[in-house]
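**Q**
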Amino acid sequence: MPQPTPAHSSRTSSRSALSAPSRPSLPFRPSRPLPTHATSTPAHTPVLTVTADALVVADFGPRTRRPRRPPGPYRRLLATPGARAFTAGNLLARLPAGMFSVSAVVMIAGTRGSYALAGAVTATGLAATALAAPWTARLVDRYGQARAALPATLVAALGSLALLLCVRWDAPAWTLFAAYAATATTPNTGGMARARWAHLLKGDAGALHTANSFEQAMDELCFMLGPVLAAFLCTGLFPEAGTLVAVVLLVTGMLLFTAQRSTEPPARPRPNAKAPLRTPGIPALLVVCLATGGVFGATEVVTIAFADAQGHRAAAGAVLALQAAGSCAAGLLYGALKPAGPAARRLPWCVAAMAALLTLPLLAASLSGSLPLLALTLLVAGMATAPTMVTTMTLVQQRTPRDRLNEGMTLAVTGLLGGIACGSAAGGWTVEHVSPAAAYAIPVTAAATALLLALLSPRTPRHSLRDAAHRN
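If you read the sequence shown in this note's numbering, its first letter stands for residue 51, the second for the next number, and so on.
(1) Below 8 Å CB to CB, which residues in the same chain sit around Tyr124 once its five sequence neighbours on both sides are set aside?
(2) Thinking just about the alpha-carbon of each residue, which of Val295, Thr444, Trp185, Gly343 is nearest to the one in Pro146?
(3) With DSSP run on the structure shown, which of helix, strand or coil describes Gln195?
(4) Find out if the Cβ-Cβ distance for the pair Pro237, Leu461 is shorter than 8 Å.
(5) Measure the C-alpha to C-alpha separation of Leu429 and Pro222 and round it to an integer number of angstroms.
(6) Determine the DSSP secondary structure at Arg318, reduced to helix, strand or coil.
(7) Between Arg529 and Pro316, is the Cβ-Cβ spacing less than 8 Å?
(8) Do you know whose CA, among Pro486, Gly478, Gly469, lies nearest Thr499's CA?
(9) Would you kindly report the start and end of the unbroken alpha helix (DSSP H) that includes Met433?
(10) With a 10 Å radius around its C-beta and 16 neighbouring C-beta atoms as the bar for buried, classify Pro511 as buried or exposed.
(11) Going by C-alpha to C-alpha distance, which of Gly286, Thr313, Val278, Ala133 sits closest to Ala374?
(12) Along the alpha helix (DSSP H) that carries Pro146, what are the first and last residues, could you check?
(13) Take the Cβ of Ala255 as the centre, count every other Cβ of all protein chains shown within 10 Å, and call the residue buried at 16 or more, exposed below.
(14) Using only CA atoms, which one of Leu204, Tyr230, Ala229 lies nearest to Leu299?
(15) Specify, as a first and last residue, the run of the alpha helix (DSSP H) that Thr495 falls within.
(16) Report yes or no: do the stretch 437-444 and the stretch 301-316 share at least 3 C-beta pairs separated by less than 8 Å?
(17) Using 8 Å as the threshold, is the C-beta distance between Ala154 and Leu208 below it?
(18) Mind checking whether Phe227 and Val156 have CB atoms under 8 Å apart?
(19) Considering Cα atoms alone, identify which of Val297, Leu335, Gly292, Ala129 is closest to Leu506.
(20) Can you list, in chain order, the residues of its chain with a C-beta nearer than 7 Å to that of Glu457? Leave out the 5 residues immediately preceding and following it.
(21) Rounded to whole angstroms, what's the CA-CA distance from Val297 to Ser210? Just pull it up for me.
(22) Taking Thr161 as the reference, give the member of Trp219, Ala415, Ala231 with the closest Cα.
(23) Tell me which same chain residues have a C-beta within less than 6 Å of the C-beta of Gly241, skipping the five on either side of it?
(24) So, for Arg197: in the same chain, excluding its five sequence neighbours on each side, which residues have a beta-carbon less than 8 Å away from its beta-carbon?
(25) Give a yes or no on whether the C-beta atoms belonging to Gly343 and Gly473 are separated by under 8 Å.
(26) Could you have a look at Asp254 and say whether DSSP puts it in helix, strand or coil?
(27) Exposed or buried, what is Glu290 when buried is set at 16 or more other beta-carbons lying within 10 Å of its beta-carbon?
(28) When the Cα atoms are used, what is the spatial distance from His362 to Gly292?
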């Protein structure tokens with residue numbers, strides 16, 4: 051019988067090994083020593099065994115997980131206890147700020163057939179707000195947000211409802227002015243949110259910069275979505291729908307916001323600090339706010355007129371929304387960064403960037419006359435708006451005593467409102483007497499004026515800053 055070849059022998063031994071009963075596995079000790087890092091800690095030493103004809107390596111050491119990425123600045127900001135609750139309520143109450151004026155214009159013009167009457171009524175409400183808002187903010191500082199802001203909101207809501215009823219029942223024209231003037235008691239919701247952040251983040255300049263950028267982005271978001279929502283409700287349902295929904299959102303949001311008492315800044319019944327208008331550095335900032343408001347007012351009126359001249363008046367809202375979207379995105383990016391240097395030194399650079407970028411819409415309207423190109427340039431130009439406003443509000447917070455923080459920030463908003471009114475008037479006059487394209491020089495002029503004022507404004511002395519910090 052022929053002898054099996056070595057190959058046959060190996061296959062035979064393999065079959066016998068597989069068919070044989072398995073024996074208990076014995077520890078296998080490698081002939082070579084394990085690496086130093088493995089033998090230094092017995093808990094991490096792998097176990098080597100042999101089962102039948104298989105080598106098994108088992109490692110019972112702890113598993114190391116990949117380290118998680120640290121949370122971003124906005125995630126850390128909203129992780130502050132109570133921050134998400136008051137932010138949600140404030141955002142709900144802030145959205146109607148971009149709805150009331152558009153709703154009033156559409157409602158009055160649609161029922162009375164007069165845009166002149168609608169514009170006069172809204173202008174009266176703007177002037178009344180400029181006068182009443184600082185007094186409302188002073189009451190908020192003295193008696194607290196819940197005790198002062200909620201009653202003021204209810205008075206403003208009654209004024210809007212009175213306007214709705216006067217329009218609905220064809221009341222005399224003077225009643226429209228009286229009703230809309232009552233809405234001037236609407237509290238500065240954005241200022242109250244910034245006051246809460248200043249209270250929660252005291253001493254943390256980086257986190258406060260992120261909070262101010264976040265609030266500015268929320269402002270831009272509300273003024274981007276508010277007019278669109280108001281126009282949709284007034285034209286899609288009935289003329290009074292925009293005002294009615296805005297009142298419900300305002301009251302509901304303010305109820306939710308003021309219910310968060312744990313994050314509310316303490317009331318200052320007897321403030322020891324000076325009024326913000328007499329605080330060093332504040333009057334100069336208010337003048338800069340006045341010129342900056344001229345940029346906003348003129349841009350809005352001129353863009354509507356330019357789109358109307360191109361035969362696309364309905365697209366004006368979308369074009370302005372792109373500008374707000376650019377500002378919103380830039381605000382969030384600016385808050386995620388850590389700008390170097392004090393805010394007083396950064397403000398002229400921010401205003402200079404805004405003035406430079408506003409030349410793009412002027413060139414696009416004058417040279418091409420293309421509405422899509424104009425929309426693109428407004429998107430780019432809007433990216434300098436949020437950094438300018440964030441830096442301005444940071445300076446207002448730094449220079450205003452904590453006892454009067456709401457009043458100081460409301461004065462800044464009042465300056466913006468006054469500038470918006472002046473810019474709207476100047477832009478409208480230029481549109482009628484020159485051309486819509488040439489009227490884009492008005493925002494550039496307003497921005498250049500703001501830059502000149504920012505450069506000429508005196509720096510706050512160091513001892514004044516120390517005194518303000520001591521009072522805070």
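Note that the Cβ used here is the ideal one computed from N, Cα and C, for glycine as well.
**A** In short:
(1) Closer than 8 Å at the Cβ level, and outside the excluded window around Tyr124, lie Thr260, Phe264, Leu382, Gly385, Ala386.
(2) When the alpha-carbon of Pro146 is set against those of Val295, Thr444, Trp185, Gly343, the nearest one is in Val295.
(3) Gln195 falls in the helix class under three-state DSSP.
(4) Cβ distance not < 8 Å, so Pro237 and Leu461 don't count as in contact.
(5) Each residue's alpha carbon lies about 42 Å from the other.
(6) Three-state DSSP puts Arg318 in coil, outside helix and strand.
(7) With the chain represented from 51 up to 522, any question about residue 529 goes unanswered, as that position is not in the structure.
(8) Nearest of Pro486, Gly478, Gly469 to Thr499, Cα basis: Gly469.
(9) No alpha helix (DSSP H) contains Met433, which DSSP labels as neither H nor E.
(10) Its pLDDT being 46, under 50, Pro511 is placed unreliably in this model, and the coordinates cannot settle the point.
(11) Closest option to Ala374, Cα to Cα, is Val278.
(12) From DSSP, Pro146 is part of no alpha helix (DSSP H); its letter is neither H nor E.
(13) So Ala255 counts as exposed.
(14) It is Leu204.
(15) Residues 491-506.
(16) The stretch 437-444 is not in contact with the stretch 301-316.
(17) If you check the CB distance, Ala154 and Leu208 do not come in under 8 Å.
(18) No, these two residues do not count as a Cβ contact at 8 Å.
(19) Cα-wise, what sits closest to Leu506 is Leu335.
(20) Cβ within range, chain order: Pro184, Ala187, Arg188, Asp191, Pro326.
(21) About 7 Å.
(22) Nearest of Trp219, Ala415, Ala231 to Thr161, Cα basis: Trp219.
(23) Once the five neighbours on either side are set aside, the close Cβ partners of Gly241 are Asn456, Met459, Thr460.
(24) A distance below 8 Å between beta-carbons, with the five flanking residues on each side excluded, links Arg197 to the following residues of its chain, in chain order: Ala317.
(25) Closer than 8 Å, so yes.
(26) Asp254 falls in the coil class under three-state DSSP.
(27) Buried: at least 16 other Cβ atoms inside 10 Å.
(28) Using only the alpha carbons, I get a separation of about 23 Å.
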